[in-house]
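Numbering (the working numbering), first residue to last: 3 to 166.
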């Protein structure tokens, strides 16, 4: 994502990714329904709202980040999200997703029980299986570039490309 000059961060949280990527000739949009902290980052627009309905009119993006987001999307909306990514992405652009393993839900439940972790949005995971990611994005017109696990297998990285 370092080389992408136009980036959309879906579920941008506090805007950390956009702040790290910002620089000369960079244009970014971060969108999150829970975004509350206004930031002034040159070339970046933050939107408190829902993907993709509340996105401002803009040119296509070279990259879209969805880091620990898709597991929070209601089952009936996931295909529409993948299609929206395809529509918003430039030819040969990439979608980068991270998705936790279902084992993370059990770990978070224990941490939440002992009040060692905030349970924010845990109920939204819907028992999502990372195995659903590849067919979901391939059916929307993407090709899988890579799928790797990290953090001792508790997290998954997916990178898809939009074919020209």
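Beta carbons: idealized from backbone N, C-alpha and C, even for Gly.
Residue i, buried or exposed, once every other Cβ within 10 Å from all chains shown has been counted against 16
i           : result
residue 1   : The shown model of the chain, from 3 to 166, leaves out residue 1, and the question about it has no answer.
residue 79  : exposed
residue 101 : buried
residue 1   : Because the chain spans 3 through 166 in this model, residue 1 falls outside it and cannot be assessed.
residue 99  : buried
residue 77  : exposed
Cβ-based neighbour list, residue i, same chain, cut-off 6 Å, excluding 5 preceding and 5 following
i           : result
residue 11  : 19, 20, 32, 67
residue 71  : 12, 13
residue 143 : 88
residue 207 : What the structure shows of the chain is the stretch from 3 to 166, and residue 207 is not part of that stretch, so it cannot be assessed.
7 Å CB neighbourhood of residue i in its chain, flanking five on each side removed
i          : result
residue 27 : 7
residue 23 : 3, 9, 30
residue 56 : 33, 49
Residue j beta carbon less than 8 Å from that of residue i
i           : j           : result
residue 84  : residue 154 : no
residue 141 : residue 162 : no
residue 48  : residue 17  : yes
residue 35  : residue 51  : yes
residue 164 : residue 69  : no
Residues bridged to residue i (per DSSP)
i           : result
residue 32  : 11, 48
residue 100 : 69, 159
residue 164 : 144
Own chain residues within Cβ distance below 8 Å of residue i, not counting five before or after
i           : result
residue 151 : 103, 157, 158, 159
Three CB pairs or more closer than 8 Å across the region 58-75 and the region 83-102: Counting Cβ pairs under 8 Å, three or more are found: they touch.
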